[in-house]
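A.B. asks: Quick note on numbering: UniProt numbering labels position 276 of the sequence shown as 276, and the sequence is numbered without any gaps.
Here a beta-carbon is modelled for each residue, glycine too, at the ideal position from N, C-alpha and C.
First, the structure itself, so that you have it in front of you.
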Amino acid sequence: MSGRVGDLSPKQADILSQFRGGIQDILPSLPAQHDHYLLRWLRARSFNVQKAEAMIRKHVEFRRQMKVDSIISDWKPPEVIEKYVSGGMCGYDREGSPIWYDVIGPLDPKGLLLSATKQDFIKTKIRDTEMMQRECRRQSEKLGTNIEAISLIYDCEGLGLKHIWKPAIEAYGEILTMFEDNYPEGLKRVFLIKAPKMFPMAYNLIKHFLCEETRRKIIVLGSNWQEVLRKHIDPEQLPVVYGGNLRDPDGDPRCITMINYGGTVPRSYYVQDSVKVQYDSSVTISRGSVFQLEYDVTAASSLLRWQFASDGADIGFGVYRRTKEGSSQKVAEMQQVLPSERYNAHLVPEDSCLTCPEPGVYVLCFDNSYSILQSKKVSYNVEVVPPADEPMQSPRSRGGDTRLQ
């Protein structure tokens, strides 16, 4: 049984009754009290009453703390978010569910995080989600059927290294966690279109924020993505730029009155010079010395990412790969992957990455050998992100949809 109204087993119906009875004290604080709504929480916790009750009680506290009931009317995102965070609601799918578009390529993660607080982004997503939930309720009344989840289209064209910048991934992870914890069963399906080759790696960085059920709803489309979208969305509800017939009143095929396409954030919006980073480790490198970190990369196309900052002065940095096994090897004898350069990491923290072309032991070398008088303290984070572990459909291929796990 699906666990939805009209498709409950006797046991599920009994659990629903227990659940409703156990949360009588908070029912008035919820945005809805009907069975459709309560079953979303039960399905999210596999009909475990205790876990579902704990989840929904946390949600009530979340609504109180974040002033969710009035966030649409009483709170407005900062101008930089309204102008430069891409996305928007546009049209309805063939079953009447609202459609939200996220346009990844134009996003400027670093510019946004330098111009607004993480809390601003979380509140913006809460506000957007509440607006979509309100639209679901309107559609339910209009169509006379329960509409409780949205369709989501991720336009991944232009996805690049700037989008997997670690502070951006961490901020996005917090937003995803907030959504999963407070809007269970809010997604009907997620279409990923125009996914570049690096998408599997980007997905690997964020998938642990998603519950298993959400992962199953993600469908990666190939080159026939417009055809697939039209199967689920009437062309009159689909923007021309995405394969439909819908245009803005002035004829714009992108429907920019409904979908914001973002862009690079002007520096005039910046309120800070850098994003504060929490470093996992630090080391003091003596004058005239070098410090090496070794990482065993087991799969080609893994991503090696690093962040570091130095105190007081610059520091040399380069990346190498060992060419001999089981014995010590000098840097000069290793394969050079990233040439050593001196970085002003005391002024601007360094944040970068590279794709490892082949497996092996990779060595990150911090070089203070040129400094005769001064030792350097270096704080750093390093991680190895493996390539995607699930099969991905080629963006250029045709054929069936690919669902992520």
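The ligand HEM and VAL361: does any heavy atom of the ligand fall closer than 7 Å to the residue's C-beta?
C.D. replies: What this structure holds is no ligand at all, so the ligand HEM is not there to describe.
A.B. asks: With distance defined between alpha-carbon atoms, name the residue in CYS156, ARG94, GLY318 nearest to SER223.
C.D. replies: Cα-wise, what sits closest to SER223 is CYS156.
A.B. asks: Among VAL385, ASP69, PRO78, ILE104, which residue has its Cα nearest to the Cα of SER86?
C.D. replies: Closest option to SER86, Cα to Cα, is ILE104.
A.B. asks: For the candidate residues ILE315, MET55, ILE153, whose alpha-carbon lies nearest to that of PRO239?
C.D. replies: That would be ILE153, whose Cα lies nearest to the Cα of PRO239.
A.B. asks: For CYS211, name the three-state secondary structure that DSSP assigns.
C.D. replies: Here CYS211 sits in coil by DSSP.
A.B. asks: If we ignore side chains and look at the alpha-carbon of each, how far apart do LEU113 and LYS123 end up?
C.D. replies: C-alpha separation (whole angstroms): 14 Å.
A.B. asks: Opposite TYR380 in the DSSP bridges: which residues?
C.D. replies: Looking at the DSSP assignment, TYR380 forms a beta bridge with SER281, PHE308.
A.B. asks: Indicate whether VAL290 and ASN368 have their beta-carbon atoms separated by less than 8 Å.
C.D. replies: Result yes, Cβ atoms of VAL290 and ASN368 sit closer than 8 Å.
A.B. asks: Once you ignore the five residues that flank GLY3 on each side, which residues in its own chain have a CB closer than 7 Å to its CB?
C.D. replies: Only GLN12, LEU39, LEU42, ARG43, PHE47 meet the Cβ criterion.
A.B. asks: Are the CB atoms of LEU229 and PHE199 within a distance shorter than 8 Å?
C.D. replies: Their beta carbons are not under 8 Å apart, which means PHE199 does not touch LEU229 by this criterion.
A.B. asks: Pairing CB atoms from the region 310-325 with CB atoms from the region 357-376, are three or more of them under 8 Å?
C.D. replies: Short answer: they touch.
A.B. asks: Kindly indicate the opening and closing residues of the beta strand (DSSP E) around GLN335.
C.D. replies: 335-343 is the extent of the beta strand (DSSP E) around GLN335.
A.B. asks: Can you tell me whether DSSP reads GLN12 as helix, strand or coil?
C.D. replies: If DSSP states are grouped into helix, strand and coil, GLN12 belongs with the helices.
A.B. asks: Can you say whether ALA54 is buried or exposed, counting buried as having 16 or more other CB atoms within 10 angstroms of its CB?
C.D. replies: Exposed is the call here.
A.B. asks: With DSSP collapsed to three states, give me the class of PRO235.
C.D. replies: In this structure, PRO235 counts as helix in the three-state DSSP scheme.
A.B. asks: For the region 291-301 against the region 134-142, are there 3 or more C-beta pairs whose distance is under 8 Å?
C.D. replies: Segments in contact, no.
A.B. asks: Taking the CB atoms as reference points, tell me whether LYS207 and ARG215 lie closer together than 8 Å.
C.D. replies: Contact: yes.
A.B. asks: Just reading off the alpha helix (DSSP H) that GLY111 is part of, what are its end residues?
C.D. replies: Here the alpha helix (DSSP H) through GLY111 covers 109-113.
A.B. asks: Less than 8 Å between the CB atoms is what I'm expecting for ASP93 and ILE233, so what's the real figure, rounded?
C.D. replies: Indeed, because the Cβ distance is near 5 Å, the residues count as touching under 8 Å.
A.B. asks: I believe LYS118 touches GLU174 by the beta-carbon criterion, under 8 Å. Please report the beta-carbon distance rounded to the nearest angstrom.
C.D. replies: Going by Cβ atoms, the distance from LYS118 to GLU174 rounds to 7 Å, so yes, they are a contact pair.
A.B. asks: Can we say the region 5-20 touches the region 49-69, given the rule of at least three CB pairs closer than 8 Å?
C.D. replies: Enough Cβ pairs lie closer than 8 Å, so yes.
A.B. asks: On the premise that ILE99 lies in contact with MET89, defined as a C-beta separation below 8 Å, what is that separation, rounded to the nearest angstrom?
C.D. replies: Contact holds; Cβ gap of about 7 Å.
A.B. asks: Roughly how many angstroms separate the alpha carbons of LYS194 and ILE72, rounded to a whole number?
C.D. replies: Approximately 32 Å, taken between the alpha carbons.
A.B. asks: Using the C-alpha atoms, what's the distance from VAL283 back to GLY91?
C.D. replies: Their Cα atoms are separated by approximately 54 Å.
A.B. asks: Quickly, what does DSSP pair TRP100 with across the bridge? List them, please.
C.D. replies: Looking at the DSSP assignment, TRP100 forms a beta bridge with MET89, LEU152.
A.B. asks: Classify THR129 as helix, strand or coil using the three-state DSSP reduction.
C.D. replies: Residue state, collapsed to three classes: helix.
A.B. asks: Excluding sequence positions up to five away, which residues of its chain have a Cβ less than 8 Å from the Cβ of SER274?
C.D. replies: Closer than 8 Å at the Cβ level, and outside the excluded window around SER274, lie LEU114, VAL348, PRO349.
A.B. asks: Using a 10 Å radius around the Cβ and a threshold of 16 neighbouring Cβ atoms, would you call TYR84 buried or exposed?
C.D. replies: With 16 or more Cβ atoms within 10 Å of its Cβ, TYR84 is classed as buried.
A.B. asks: Have a look at LEU373 and ILE285 and give me their C-alpha separation to the nearest angstrom.
C.D. replies: For LEU373 and ILE285, the distance between alpha carbons rounds to 12 Å.
A.B. asks: Taking DSSP's pairing of strands, which residues face PHE291 in a bridge?
C.D. replies: The partner list for PHE291 (beta bridge, DSSP) reads PHE366.
A.B. asks: By a C-beta neighbour count over all protein chains shown, 10 Å radius and 16 as the cutoff for buried, is VAL378 buried or exposed?
C.D. replies: Buried, by the Cβ-count rule.
A.B. asks: What would DSSP say about ARG398, mapped onto helix, strand or coil?
C.D. replies: Residue confidence for ARG398 is low, a pLDDT of 40 falling below 50, so the modelled location carries little weight and cannot support an answer.
A.B. asks: Report yes if the C-beta distance between VAL60 and LEU107 is below 8 Å; otherwise report no.
C.D. replies: No, they are not a contact pair.
A.B. asks: So with Cβ pairs under 8 Å, would you call THR117 a contact of chain C?
C.D. replies: No chain C appears in the structure shown, which is made up of a single protein chain.
A.B. asks: Let me confirm a value: PRO395 is counted as buried when at least 16 other C-beta atoms fall within 10 Å, else exposed. Which label applies?
C.D. replies: Reliability fails at PRO395, whose pLDDT of 32 lies under 50, so the model's placement of it is uncertain and the value that follows must be treated cautiously. It counts as buried.
A.B. asks: Evaluate VAL271 with the Cβ neighbour count: other Cβ atoms within 10 Å of its Cβ, from every protein chain shown; 16 or more gives buried, anything less gives exposed.
C.D. replies: Answer is exposed; the Cβ neighbour count stays below 16.
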